[in-house]
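Add 670 to the 1-based position in the sequence shown for this note's numbering, that's all there is to it.
Accompanying notes for the structure given below.
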Amino acid sequence: MTLRIGGHVDQADPVAEALARGATLSQFFLGDPQSYKGPVVEYAGGAAALRAAAEEAGIDLYVHAPYPINVAATNNRIRIPGRKLLQQHLHAAAEIGAKGVVVHGGHLGKDEDAGVGFDNWRKCVDGLEMPVPLLIENTAGGDNAMARRLEAVERLWEAIGRAEGGDTVGFCLDTCHAHAGGNDLGSVVEKVRAITGRVDLVHCNDSRDTFDSGADRHTNLGSGHIDGADIAHVVREAGAPVVVETPGGTEGQRADIDWLREHADA
């Protein structure tokens, strides 16, 4: 198979970053990943120019939403600004011709009712305009996370399925998060598909920490605690575009992309 594959890169010129990695896609933030400030397109010439350059070069673009977004939160001061920021990123992603916006599933406090968080997701999706697909990513830690354990993903998808526009929501499977979150990589693609019906994007990362550690710390493929055969299996089984979010800049990610093409027939 020939998969679309690339890295998480700086947004100043994601087309050039993809070409430097021998890649066919780029994922990036639009602005500060730790801020509630709205999206900013840094590419010279703006959104239209980036869209045209990506199309000409045959590079697919994916946007990763800022980390503070937690639309499951019971705290209005977190949930409401998060919804607004997520909507802004969906519109900005459409302007640059992105294939989707990746957002973390979020979490509640350990003593809060998870059912409220799942329903907050339903309300969020109900109110969103989605000119591009929204891809919810599984997370590594938190006992009351909306998308760490597969049981939680099942409850999340049931809630989203009751929302208008729920069919526009896809799934992004992160291998490091799955491993650190206590999910067996040998069966996770099959189980996720049984729940969601889809895997739209794979974040292909090794883990610096052990199975079920709850720690979200990526490392380069073959240098962490995940068996390389399991990583390759996930990529083959998913058959979805792949993003490596690994360290080492251009050279580190290019090596990981080459490793995947060799070991996963990607």
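Quick reminder that beta carbons are idealized off the backbone N, C-alpha and C, glycines included.
Residue i - DSSP class collapsed to helix/strand/coil
i, result
"E915", "coil"
"Q758", "helix"
"G836", "helix"
"V823", "helix"
"A815", "strand"
Nearest to residue i (by Cα), restricted to the options the options
i, options, result
"G892", "P709, A885, D879", "D879"
"W791", "D886, A864, V823", "V823"
"H678", "E932, V914, H759", "V914"
"G812", "D886, G715, G708, P684", "D886"
"H761", "D837, Y732, A864", "Y732"
"D900", "R747, H774, N853, A723", "N853"
"A829", "G884, K793, E726", "K793"
"A910", "D844, H888, D876, G884", "D844"
"A850", "A690, H895, N890", "H895"
"G676", "A723, A719, H759, I729", "I729"
"E782", "G701, M816, Q757", "M816"
"A934", "E921, G919, T916, D897", "D897"
"A735", "V786, A693, V904, L700", "L700"
"F698", "E921, K769, G922", "K769"
"G835", "A848, L798, W827", "L798"
"S877", "R753, L855, I865, A864", "L855"
"P703", "D680, N814, D837, E687", "D680"
"I865", "T694, E821, N890", "E821"
"C846", "H888, G692, S883", "H888"
"A717", "A688, S696, A763", "A763"
"Q634", "E725, V773, G708, G779", "This structure cannot settle anything about residue 634, because the visible part of the chain is limited to 671 through 936."
Nearest-angstrom Cβ-Cβ length linking residue i and residue j, presumed shorter than 8 Å
i, j, result
"A943", "H777", "With the chain covering 671 to 936 only, the question about residue 943 has no answer from this structure."
"Y706", "L755", "6 Å"
"V711", "I766", "6 Å"
"R868", "G840", "6 Å"
"N740", "I750", "The pair is not a contact, with the Cβ atoms about 11 Å apart (cut-off 8 Å)."
"D870", "P803", "7 Å"
"G775", "T809", "6 Å"
"V872", "V905", "6 Å"
"N890", "G922", "6 Å"
"R721", "T694", "In fact, because the Cβ distance is near 16 Å, the residues do not count as touching under 8 Å."
"F788", "R825", "5 Å"
"A690", "T920", "5 Å"
Start and end residues, alpha helix (DSSP H) containing residue i
i, result
"D789", "784-797"
"A648", "This structure cannot settle anything about residue 648, because the visible part of the chain is limited to 671 through 936."
Where the beta strand (DSSP E) through residue i begins and ends
i, result
"H777", "Segment: none, H777 is in no beta strand (DSSP E) and carries neither H nor E."
"V905", "Here V905 belongs to no beta strand (DSSP E); instead the alpha helix (DSSP H) covers 898-908."
"L855", "No beta strand (DSSP E) contains L855, which DSSP labels as neither H nor E."
"I806", "804-807"
Beta carbon proximity, residue i to chain B, threshold 8 Å
i, result
"L756", "Chain labels in this structure do not include chain B; a single protein chain is all it has."
Hey, which unbroken runs of the beta strand (DSSP E) at 3 residues or more fall wholly within the region 863-893? List check, beta strand (DSSP E) in window: 871-873.
If we require 3 or more residues per run, which beta strand (DSSP E) segments fall completely within the region 672-738? Segments of the beta strand (DSSP E) lying fully in the region 672-738: 675-678, 695-698, 730-734.
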